[in-house]
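Structure first, then comments.
Number of protein chains: 2
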Amino acid sequence: MARKPADQAVNRHDILIAAANVFRRKGYHGTKMADIAAEVDLTAGSLYHHFPDGKQQILREVLTDGLAMVTAEVQAIVEDNTLTPDEKFRKAVYAHIMALAQNVSVAAALVFETRNLLEDQSARDSYLQRRDSFEQLYRQVIHEGIEAGVFRHVDVPIFTKALLGSNNWVGVWFRPTGRLSGEEVAMEIADVFLNAVLIKT
Amino acid sequence: MARKPADQAVNRHDILIAAANVFRRKGYHGTKMADIAAEVDLTAGSLYHHFPDGKQQILREVLTDGLAMVTAEVQAIVEDNTLTPDEKFRKAVYAHIMALAQNVSVAAALVFETRNLLEDQSARDSYLQRRDSFEQLYRQVIHEGIEAGVFRHVDVPIFTKALLGSNNWVGVWFRPTGRLSGEEVAMEIADVFLNAVLIKT
DNA sequence: GTCTATATGGTGATAGAC
DNA sequence: GTCTATCACCATATAGAC
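So the protein sequences, as listed, match chains A and B. Following our numbering from start to finish, the first sequence increments by one per residue and tops out at 506. Following our numbering from start to finish, the second sequence increments by one per residue and tops out at 506.
Encoded structure:
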């Protein structure tokens, strides 16, 4: 399926989006280079012009770009120290879920395909490190809330895992055509976790 | 690696556990029949004696048995109407997470490999139907709590998805050798979600 | 930058001996 | 019930024309 107005040259980004779409339907190993190529009206061989290292490179860049996108959203909020801890937490969760809901194919890849980042150990390690840094952002926000006396003394690592599990899962089940919009889902889940930590006055 | 005292015949269950272990390390498509066979000291060809339909059948049975195990734990609690809504909810979440933490390989398969249940449409549909029934159990518990006036008026489907996301995710990150035991993790997460719904008095 | 054609390697599954 | 040997197929990646 063409994603561009007729016969316009495809670029790297088009291919990465196409790849994420196919990965979501068939999984990384179930996806043939020909499947990705067909999605952008190319043939399998042509993909190697854009990605010399082949399928692994495509996966690597889908994940790297996807994680960078999600991180950017959340990091901006976490670093904004004009916000109170509970505002910061709510906005971070909201932005995180919105980013995933607006890119479900990439979001699903972040959940399901990270495990297939096998080859190129160094690229794999640097990706996992950035993923840990992302998780660290949330831990920091929760920690700040506890220190400020507005959050309960939850176990920060476990609470963070619970939150990440819920949020990541949105990328698996959310459909833009569903009952609720991305905004509504993001609000509701942010509300759930804020209620879970907030000390009621 | 042998899982049995020397040279004892393997049975279906041994193979399913072995398969789940390999799936967790390599993913379904990354797993060769020879890998599963090696885990129980057999050769690839021998597996077809136990599972005539091959790799798909092994996956299907790993998931079916795994889901049945998890469902059994939770269902017993949901049907126990001597419990108050909040007790019922806490025990259900606790039991669910414990079941996953005690079988991480199967738990990971339930998250990552369901998507690979491609062939045999009827088997696939019946599995997905049972998974929906499991989700329905949680919705029911939450609904009961709201009706009883002890839970907030959360959006039940979304709250349930958030809870399932957190719980499923335990099967992805939990390691028995980690800082906290399965019991501690289960308690903590049950606490998080109970705090999220409970109306504070 | 995209194509076609093909080399290459690998894996699920089968057949038949033991 | 498990083995060995092998078939048949498929997908990644490459080479070179256009």
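Think of the CB as a built atom: it goes at the ideal place given N, C-alpha and C, for glycine as much as any other residue. This structure is a prediction, so every number in the text was calculated from the model and none was measured.
Pairing Tyr399 (chain A) with Phe498 (chain A), the inter-Cα distance amounts to about 11 Å. Bridge pairing for Phe456 (chain A): A:Leu503 [DSSP]. CA-CA distance, Asn316 (chain B) to Ala323 (chain B), rounds to 11 Å.
In this structure, DSSP gives Val345 (chain A) a state outside helix and strand, which the three-state scheme calls coil. In the structure shown, the three-state DSSP call for Thr482 (chain B) is coil.
In this structure Leu415 (chain B) is in contact with Leu368 (chain B), their Cβ atoms being roughly 6 Å apart against a cut-off of 8 Å. Ala413 (chain A) is positioned such that its CB atom lies closer than 7 Å to that of Gly476 (chain A).
Scanning its chain for C-beta atoms nearer than 8 Å, with the 5 sequence neighbours on each side dropped, one finds around Gly359 (chain B) the residues Met338, Leu352, Tyr353, in chain order. Residues Val461 of the same chain have their beta carbon placed closer than 8 Å to that of His448 (chain A), with the five preceding and five following residues left out of the count.
Using a Cβ-Cβ cut-off of 7 Å, Ser471 (chain B) is close to Ala467, Gly470, Ser471 of chain A, given in chain order. Here DSSP, grouped into helix, strand and coil, assigns Gly350 (chain B) to helix. A residue is called buried once 16 or more other Cβ atoms fall within 10 Å of its Cβ, and Asp496 (chain B) is buried on that count. Here Met374 (chain B) has Ala404, Asn408, Val411 as same chain residues with Cβ atoms under 8 Å from its own Cβ, once five neighbours each way along the sequence are excluded.
Under the Cβ criterion of 7 Å, Gly487 (chain A) is not counted among the residues facing chain B. By the 16-neighbour rule on beta-carbons within 10 angstroms, Asp319 (chain A) is buried. Using a CB distance cut-off of 7 Å, Ala501 (chain B) counts as an interface residue toward chain A. Leu372 (chain B) sits close to Arg435 (chain B), with the two beta carbons spaced by under 7 Å. Not one beta carbon of chain B lies nearer than 7 Å to the beta carbon of Gly454 (chain A). In terms of beta-carbon proximity, Val497 (chain B) lines the interface with chain A, with at least one pair separated by less than 7 Å. Short of 6 Å from the beta carbon of Pro390 (chain A), and not among the five residues preceding or following it, lie these beta carbons of its own chain, in chain order: Glu449, Gly450, Ala453, Val455. Glu344 (chain A) is classed as buried because its beta carbon has at least 16 other beta carbons within 10 Å across all chains shown.
Residue environment analysis places Ser471 (chain B) among the buried positions, since at least 16 neighbouring C-beta atoms fall within 10 angstroms of its C-beta. With contacts defined as CB atoms closer than 7 Å, Val459 (chain A) and Lys393 (chain A) fail to qualify as a contacting pair.
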